[in-house]
């Protein structure tokens, strides 16, 4: 019995120590040449003058794992769809200007110290390679949560009130 | 409001499939390999009803439903009436939906056949500002069920009619049938087998559901199927195998909003398929350990055959291997551990052959193709605990994961190579030690220490300047005890510090990394004054701040070159925002009779938030600061026979914006 317990404990230790063989170690990196994070849609400005900030602007961190993008028809799109769309859109179009202005009719709400609702009126202007302009303006409401794992505010709900497909909508495509 | 017109039963099955797929994402036994428990669905008689009304900030929602079931020996009748309303005061829109689906059937015909007729009328009525729209859909057709077959089968076929007007400026009463646009077609559906019923009395479960609808405005085929087999072995081990598949091919049409008014919208034609093959081994206890192994392959493809300009076609594949180990209860330690390895691939615009040299026709495609990636994800969880009979003990949890992504594609343009530079490693390491230091007879007490390290590591030089390491440190304690005969008190305190450091401080000069702290205390007192009246009080104090950790290595070169500045310089924590949040909540719970529960109370929140003003070098009141007084009332009542109601009403007097939070529901059956 004692031997069996000992063997079991050894098996647990072996299983437990898989992490020490290097599979959880990062790869070597190249020396950097730039430090400016990409934020073509100026998401950082959503929290300007609120005392809070998005300390992580990469989309994988900026958007919570449970992100729901909800369009005006109540249809829900999830994190991967939103990130795929933003990445492809910013490769296909050049962002000229993005403004996320506070909505005086709907002030921000502090739900708790880790949940915050930011209501914004946005206007976005983009051009394609033929210099055709795409402009969108409407309301958006963001529910933000503080993610203690990555030490950053993240967006977990994004309600876009644009009637149709705004540039942020995963089914938008430049014509 | 989403108002897609698809067969309701099919939607439910699709939802189950999605839930199973989501459940399979975590580390643990694959949800698709769990032997389902038989859910008995007998003939029933009765009326089920439910109503739920909610108001939160500026949106009112209402869902009301009635379902009538009537079954005799030879006949069955089911009629439902569902109504939902969403009234958005921010958007000035109202969306109504009515559904009156039902079915009547004659049972016990020769050969064990049941025959019936089903109908599914759905009406949608939306208003937005001054514009109104209406959509009606009606499906009607026979349904045949073959219940006495070894595999239960049901076949549905019928006609479908749709009529709509998305530019109604007059009222509904003035509208004539001729004002409507119309569309007609047919539908067919089939259900074979049950996912929770053994096939031919073998350890085998199989089911298939298909639905097709052909209208001139939209055509749709959707199907799901699954097979699960398991084989117990003589030595106590078990083997499992499963295959599941789902397909959606077609387009949905729904009444929504577009161009600032209600509109009949047709989704682009899409073909979406997901399937998963999985196999598992669950071992009987060996020594004192129970091992399990799982392997699976899953593939998801999405394509838009007509909307080629959308460039959203993609294919995702995932090979997954999982090893699990747990200790049997008789082992001196409680132990659960597991390792999961996934090899993932995303191929955008799959099936499309692209040149590696940019040209005018396919440069957009080449840009999107840069987002293709290969990845592997390793996750390991370990939990060890030891608790003695008196309650004293300790537990250690360790979770670590690595997610590595490579973007292999590139193209050349004007002799320059263009590639995606997002190749990265994300490594998350979380550890938590929990100690129960006193016997449970002295009260429930825990002390804990939590640590997590999060490493974001871009490989290429264009992005590696953003590489960060985050640390979270948290210590806390909880205590709960009954201090007098009818009085319990609990206290929970914790302190956090979150530190971020750039991997290359020298190129982040002038941009110091974020830092934050948080201290919380929650005291709860519950006391029973009499058997029917009790009082609860909560005091929650939270202090938090966030800002940047200004250390020497992040100083810009101008300051570094200033000897006078450097002579007096010391590293410091620059606080951008300070938040002191006080919450006091008081509630009186009255239970006058056994089936009544009422709670009356009030919460007070003071959010004393200050932000640093760089112009005046002082802390000013933050725009998010304010007070909130929230009187609330809760009532629940059980009427017996499964009928009950619940009401939760809160009004928040907020210095920024006052708002309601109301939820009233009643449900039951008789």
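Residue numbers (the numbering used here), protein chains in the order written: chain G, 8 to 182; chain X, 9 to 678. Ideal Cβ positions, reconstructed from N, Cα and C, are used throughout, including at glycine.
Between the alpha carbons of residue 365 of chain X and residue 79 of chain G lies a distance of about 40 Å. Here the alpha carbon of residue 497 of chain X sits roughly 12 Å from the alpha carbon of residue 453 of chain X. In the DSSP assignment, residue 160 of chain G forms a beta bridge with G/153.
For residue 382 of chain X, the uninterrupted beta strand (DSSP E) segment begins and ends at 381-395.
Of the residues assessed, residue 116 of chain X falls on the exposed side of the cut-off, its CB having fewer than 16 other CB atoms within 10 angstroms.
At a beta-carbon threshold of 7 Å, none of the residues of chain X lie near residue 152 of chain G; the nearest stands roughly 14 Å away.
The Cβ neighbour count for residue 578 of chain X, taken over all protein chains shown within 10 Å, is under 16; the residue is labelled exposed. By the 16-neighbour rule on beta-carbons within 10 angstroms, residue 567 of chain X is exposed. Of all alpha-carbon atoms in X/334, X/619, X/336, X/253, the one lying nearest the alpha-carbon of residue 307 of chain X is that of X/253. At a cut-off of 9 Å between beta carbons, residue 127 of chain G makes no contact with chain X. Contact between residue 39 of chain G and residue 559 of chain X does not hold, since the beta-carbon distance rounds to 19 Å and is not under 8 Å.
At a cut-off of 9 Å between beta-carbon atoms, residue 468 of chain X makes contact with chain G. Within the region 127-166 of chain X, no alpha helix (DSSP H) run of at least 4 residues lies entirely inside it. Any Cβ of chain G closer than 9 Å to the Cβ of residue 203 of chain X would place that residue at the interface, and such an atom is absent. Here residue 354 of chain X really is in contact with residue 322 of chain X; their C-beta atoms are around 6 Å apart, less than 8 Å.
Put simply, the CB of residue 41 of chain X is far from chain G, with every gap to its CB atoms at 9 Å or more. Going by DSSP, residue 199 of chain X is part of the beta strand (DSSP E) stretching over 189-200.
For residue 65 of chain G, the nearest beta carbon of chain X is closer than 9 Å to its own beta carbon. Bridge pairing for residue 103 of chain G: absent [DSSP].
With fewer than 16 other Cβ atoms inside 10 Å of its own Cβ, residue 239 of chain X counts as exposed. For residue 75 of chain G, the enclosing beta strand (DSSP E) stretches over residues 70-77. For residue 248 of chain X, no alpha helix (DSSP H) encloses it; the enclosing beta strand (DSSP E) starts and ends at 246-258. Counting only runs of at least 4 residues, the region 490-529 of chain X fully encloses no alpha helix (DSSP H) element at all. Annotation for residue 568 of chain X: the continuous alpha helix (DSSP H) segment containing it runs 565-568.
For residue 123 of chain G, the nearest CB of chain X lies under 9 Å from its own CB, placing it at the interface with that chain.
Burial is judged here by how many other beta carbons sit within 10 angstroms of a residue's own beta carbon; residue 541 of chain X has fewer than 16 and is exposed.
For residue 405 of chain X, the enclosing beta strand (DSSP E) begins and ends at 401-414. About 6 Å separates the beta carbons of residue 247 of chain X and residue 289 of chain X, which is inside the 8 Å limit, making them a contact pair. Residue 161 of chain G does not reach chain X, its nearest Cβ partner there being about 13 Å away, counting only Cβ pairs nearer than 8 Å. In the DSSP assignment, the residues bridged to residue 165 of chain G are G/76, G/149.
Runs of the beta strand (DSSP E) lying entirely within the region 39-123 of chain X, each at least 3 residues long, are 54-64, 67-79, 83-96, 101-107, 110-117 in chain order. For residue 372 of chain X, the enclosing alpha helix (DSSP H) has its first and last residue at 371-377.
Ranking G/139, G/125, G/82 by CA distance to the CA of residue 107 of chain G puts G/125 first.
Rounded to whole angstroms, the gap between the alpha carbons of residue 360 of chain X and residue 97 of chain G is 21 Å. Listed along the chain, the chain X residues whose CB falls inside 8 Å of the CB of residue 168 of chain G are 98, 99. Around the beta-carbon of residue 537 of chain X, fewer than 16 other beta-carbon atoms lie within 10 Å, marking it exposed.
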